[in-house]
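Engineer: Going by full-length UniProt numbering, the letters in the sequence shown line up with residues 1 to 258, in that order. For every residue, glycine included, the Cβ atom is placed at its ideal position computed from N, Cα and C. From a predicted model like this one, the values you see are computed outputs, not experimental measurements.
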Amino acid sequence: MVSAPLPSRPKPSYRHGLVKLTSIPTPRLPLLHKYVVIATDLRPFSLIDFSVSNLSPNSIDGGACVAMVGKDCVAIACDLRLGLQALTVSNNFPKIFQYGDVFLGLTGLATDVSSVSDLFRYKVNLYRLREERNIAPSTFANLVSSSLYERRFGPWFVSPVVAGLDPKTGKPFICGFDSIGCIDFAKDFIVSGTATEQLFGMCENLWEPDLGPDELFETISQALLNAVDRDALSGWGAHVYIIEKDKVTKRLLKGRQD
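(1) With distances taken Cα to Cα, identify the nearest neighbour of D258 among R251, L252, R230.
(2) Is V158 closer than 8 angstroms to A141 when the C-beta atoms are compared?
(3) Got a sec? Which residues, its chain only, sit under 8 angstroms from Y149 by beta carbon, not counting five neighbours each side?
(4) Quick one: is A86 buried, meaning 16 or more other Cβ sit within 10 Å of its Cβ, or exposed?
(5) Any contact between the stretch 198-217 and the stretch 60-80? By contact I mean 3 or more CB pairs, one from each, below 8 angstroms.
(6) Could you please give me the residues that DSSP links to S90 through a beta bridge?
(7) Can you grab the Cα-Cα spacing for the pair D246 / P160, in whole Å?
(8) If we ignore side chains and look at the alpha-carbon of each, how far apart do V66 and I183 end up?
(9) List the DSSP bridge partners of F97.
(10) If you follow the beta strand (DSSP E) that A163 is part of, which residue opens it and which one closes it?
(11) I'd like to check one pair, D188 with residue 264: are the Cβ atoms closer than 8 angstroms?
(12) Using only CA atoms, which one of D72, L82, C73, E208 lies nearest to G193?
(13) In whole angstroms, what separates the C-alpha of L233 from that of L55?
(14) Please state whether DSSP places T249 in a helix, a strand or coil.
(15) In whole angstroms, what separates the C-alpha of A136 from that of T88?
(16) Starting from F185, follow the beta strand (DSSP E) in both directions and report where the run begins and ends.
(17) DSSP three-state call for I243: helix, strand or coil?
(18) On the DSSP letters alone, give me the boundaries of the beta strand (DSSP E) that C175 sits inside.
(19) Do you know whose CA, among K71, F173, I96, lies nearest R121's CA?
(20) Can you name, in chain order, every residue of its own chain whose Cβ lies under 8 angstroms from the Cβ of L119, other than the five neighbours on each side?
(21) Between the C-alpha atoms of G164 and A227, what's the straight-line distance to the nearest angstrom?
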């Protein structure tokens, strides 16, 4: 039996998704295939052509949240969109939760947002029963941090933002967290969600020290609405809370519905 002649040069390589495919000549297998295609990348084939495999769970459902400091007041705002990437599920999914005088904004995986908000509702109620007083923002921040760190080996896919006024001094307090509870204190503003980059740019341009309640509302509203207009995974209106010493004002913003 005479084997087929060897081609003068090998066929070129091709790339498909994450796997490099190389064609090699097989002169001794004329009845099967003229060329055998082999994968030169050892990564799992389940990753091929699945764009969702590279997504962070925090960005699947979208969302945006921002907190800002003013003069003897603080504001926190969030968008209202709930989606599955490009698919919009609801335009009435608030991400800010009130625990006494403290407000918690949660962006990330929607199921974890619901679970974590209920968890802190339980813990804050238990704290109020034991201490017979409302929880302070700094104390609540430590509670959030320790609760997230407890789940560090299987973390909640959320990015919390805490805002409130210190009950003793009346000074504004805001901070953010990563998914395992590291606290990021801020004296101007803090952001989270899929519109983080856009929010940082808008807040750095619009925020000024010692803003009054009305000016703070205008600033945080313009920052959030302009940021979510540049993020396909968030938007569809917003809730804004202006927290002052003697009152809390909640406003609903109508945004683009597309």
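Structural biologist: Considering the structure as presented:
(1) R230
(2) no
(3) I180, G181
(4) exposed
(5) yes
(6) L82
(7) 25 angstroms
(8) 15 angstroms
(9) L104
(10) 158-165
(11) Residue coverage of the chain in this structure runs from 1 to 258, which leaves residue 264 outside it and unanswerable.
(12) L82
(13) 13 angstroms
(14) strand
(15) 36 angstroms
(16) 183-186
(17) strand
(18) 172-177
(19) I96
(20) S147
(21) 23 angstroms
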